[in-house]
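Enquirer: Residues 1 to 375 in the UniProt record's numbering are what the sequence shown lists, from first letter to last. All residues carry an ideal CB built from backbone N, CA and C; glycine is no exception.
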Amino acid sequence: MNSVLNKKYDKPVIKKHQPDDSYKFQPLPAPTGTYPYHFDLEEVQTLNDRDKLAFHMLGDTGSVRNPDFQKLVVAEMIKQYQQTDGTGKEPMFLYHLGDIVYNFGEASQYKRQFFEPYQKYPGPIFAIPGNHDSDVNPDSRVSYQSLDPFRAVFCDKQPQTVAFSGGAERKSMTQPHVFWSLITPVARIIGMYGNVTKFGVITPDQRKWLMEELRSADAERPEKAIILCIHHAPYSADVNHGSSLPMIQFFDGVFEQTSVRPDIVFSGHVHNYQRFSKRYFDGKTVPFIVAGGGGYDELHPVASTSDSRFTANNAAFNNVTLENYCDNKHGFLKVSLERTTKGIRITSEFYTLPHEQRVEPGMNAILADRFILET
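#1: By Cβ distance, which residues of its chain are closer than 6 Å to Thr321, with the 5 residues on each side in sequence left out?
#2: Looking at C-alpha atoms only, which residue of Arg309, Pro159 and Ile14 is the closest neighbour of Ala237?
#3: Quick one: what's got a C-beta closer than 8 Å to Phe25's C-beta in the same chain, skipping five residues either side?
#4: Among Val142, Val136 and His231, whose alpha-carbon lies nearest the alpha-carbon of Gly191?
#5: Quick one: what does DSSP say Met1 is sitting in, helix, strand or coil?
#6: Pick out whichever of Leu210, Phe126 and Asp148 has its Cα sitting closest to the Cα of Pro27.
#7: Can you tell me which of the three DSSP states Glu212 falls into?
#8: Any idea if Tyr9 is buried or exposed, counting beta-carbon neighbours within 10 angstroms, 16 or more meaning buried?
#9: Spatial neighbours of Phe251 within its chain, please: CB distance less than 7 Å, with the 5 preceding and 5 following residues excluded, ordered by chain position.
#10: Is it true that the CB of Arg151 sits closer than 8 Å to the CB of Thr34?
#11: So, do the region 364 to 373 and the region 316 to 333 have three or more beta carbon pairs nearer to each other than 8 Å?
#12: Measuring alpha carbon to alpha carbon, tell me which of Lys89, Ser22, Phe114 and Ala168 ends up nearest Val73.
#13: Could you give the residue range of the alpha helix (DSSP H) that holds residue 377?
#14: Verify whether the separation of the beta carbon atoms of Ser172 and Pro159 is less than 8 Å.
#15: According to DSSP, is Asn131 helix, strand or coil?
#16: Exposed or buried, His17, counting other C-beta atoms within 10 Å across all chains shown (16 or more means buried)?
#17: Taking C-alpha atoms, which residue in Val270, His330, Leu353 and Gly331 lies nearest to Pro12?
#18: Helix, strand or coil: which one does DSSP assign to Ile125?
#19: What number of angstroms, rounded off, separates the C-alpha of Gln119 from the C-alpha of Ala75?
#20: Keeping to the same chain, check which residues put their C-beta closer than 7 Å to that of Ser304; ignore five residues upstream and five downstream.
#21: What residue does the beta strand (DSSP E) around Gln274 start on, and which one ends it?
#22: When you measure from the CB of Gln249 to every non-hydrogen atom of the ligand SAH, does any distance come out below 7 Å?
#23: In chain order, what residues of the same chain have a beta carbon less than 8 Å from the beta carbon of Ala168, not counting five sequence neighbours either side?
#24: Taking the C-alpha atoms as reference points, what is the distance between Val290 and Phe266?
#25: Please state whether DSSP places Leu58 in a helix, a strand or coil.
#26: Going by the beta-carbon positions, is the gap between Gly98 and Asp133 smaller than 8 Å?
#27: Suppose you measure from the CA of Pro222 to the CA of Pro36; what does that come to, to the nearest Å?
#28: Here's the rule: buried if 16 or more other CB atoms are within 10 angstroms of the residue's CB, otherwise exposed. What is Glu213?
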């Protein structure tokens with residue numbers, strides 16, 4: 001009986017009776033760079049091997065209560081960064097999937113929730129905003145607009161000390177907009193902005209931009225992979241958010257209209273790790289990965305099939321399968337790309353760390369999931 005009650009979903013779910021919070025939508029800030037909002041990795045990082053690239057990825061790292069888990073995750077990423085073996089597989093940067101600062105993206109919280117935890121991380125840090133980064137605290141003593149602090153940290157016009165960083169050595173990043181593409185020799189990493197609502201909203205101008213990016217990136221295949229990132233997870237089986245039908249409908253519509261699909265999709269928002277596969281009508285399968293367990297102290301369990309608050313009965317979930325998940329430990333991704341004779345090999349590895357005890361010296365993060373995709 002208990003095994004039936006505790007059985008977890010192996011498909012995405014919808015959380016029933018969710019309130020409409022579209023009223024929270026915030027206008028987008030102006031770009032700081034020029035269209036089409038490209039940033040070349042080699043502007044900030046020297047690449048010794050243009051046929052290989054590895055980087056870290058995670059989301060939902062800030063915390064208003066307990067920052068310990070975030071610090072442990074960062075410490076493990078630093079270990080990997082320092083393990084140089086000359087194979088070109090050591091991480092070169094961190095790509096953050098959003099929700100850097102809780103709960104309202106305030107400048108006053110960046111020192112404690114971002115600059116201090118990442119002060120020893122050796123590489124550049126790129127980011128897309130999450131819904132909490134985009135929110136505005138109505139009770140703040142300092143008046144600010146949505147994403148003002150995020151833009152000061154990540155979308156500056158030139159690298160400089162951030163005024164509210166507490167004098168941190170890490171300078172501001174110069175991403176051209178809150179939605180943008182990171183250009184590398186082996187992949188174009190397209191970063192979307194889903195705004196402040198729970199299930200995400202994409203503006204018409206951003207939709208037009210994405211369609212142009214997909215078509216442009218498709219012309220570079222097979223020399224480069226297409227990696228798509230969005231904070232709001234299209235597919236999820238968790239108990240807090242569930243899947244985002246607006247994001248599913250948006251991406252399905254864009255992919256159909258452009259006849260281009262990315263090789264892989266990464267998201268945060270949900271505080272756990274989930275790896276879905278979606279098989280399309282032409283037989284191609286695209287992985288959708290949720291990596292939102294980067295440090296926020298509260299994790300989101302995967303829903304049980306006996307829980308009446310959720311349903312997997314929706315046509316949007318046809319041919320979508322939850323392949324693996326970890327909902328009780330924090331962790332991070334290491335994504336490796338390597339050029340082959342046919343295209344790009346993408347290796348995605350999810351590492352966890354002991355959850356209820358501090359990591360002892362010499363203890364390494366545990367590899368919890370690994371898969372390889374040939375583009």
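Expert: Let's see:
#1: The answer, listed in chain order, is Ser277.
#2: Residue Ile14 is the option with its Cα nearest to Ala237.
#3: Answer for Phe25: Asn195, Val196, Thr197 and Val201, listed in chain order.
#4: When only C-alpha atoms are compared, the closest one is His231.
#5: Reliability of the predicted coordinates at Met1 is poor, the pLDDT of 40 falling under 50, and the value obtained from them is presented with this limitation in mind. Met1 falls in the coil class under three-state DSSP.
#6: For Pro27, the nearest C-alpha among the options comes from Asp148.
#7: Note: Glu212 maps to helix in three-state DSSP.
#8: Label assigned to Tyr9: buried.
#9: Pro234.
#10: Their beta carbons are not under 8 Å apart, which means Thr34 does not touch Arg151 by this criterion.
#11: Taking a cut-off of 8 Å for Cβ pairs, the region 364 to 373 and the region 316 to 333 touch, as three or more such pairs fall below it.
#12: When each option's Cα is compared against that of Val73, the closest is Phe114.
#13: The structure shown has nothing for residue 377, since the chain only spans 1 to 375.
#14: At the C-beta level, Ser172 and Pro159 come within 8 Å of one another.
#15: Looking at Asn131 - three-state DSSP - the assignment turns out to be helix.
#16: Only exposed fits His17, as fewer than 16 other CB atoms lie within 10 angstroms of its CB.
#17: Per the Cα distances, Val270.
#18: For Ile125, the secondary structure class from DSSP, reduced to helix, strand or coil, is strand.
#19: Spanning the two alpha carbons is a distance of roughly 11 Å.
#20: The beta carbon of Ser304 sits closer than 7 Å to the beta carbons of Leu5, Asn6, Lys7 and Lys8 from its chain, once the five residues preceding and following it are set aside; these are given in chain order.
#21: That run of the beta strand (DSSP E) goes Tyr273 to Arg279.
#22: The ligand content of the structure shown is nil, which means the ligand SAH is not present either.
#23: Counting only Cβ-Cβ distances below 8 Å, and skipping sequence neighbours, we find Lys111, Phe115, Glu116, Gln119, Thr161 and Val162.
#24: Between Val290 and Phe266, the C-alpha separation is close to 6 Å.
#25: Reduced to three states, the DSSP call for Leu58 is strand.
#26: Yes; because the gap between Cβ atoms is below 8 Å, this pair is in contact.
#27: CA-to-CA, the gap between Pro222 and Pro36 works out to about 22 Å.
#28: Per the 10 Å Cβ criterion, buried.
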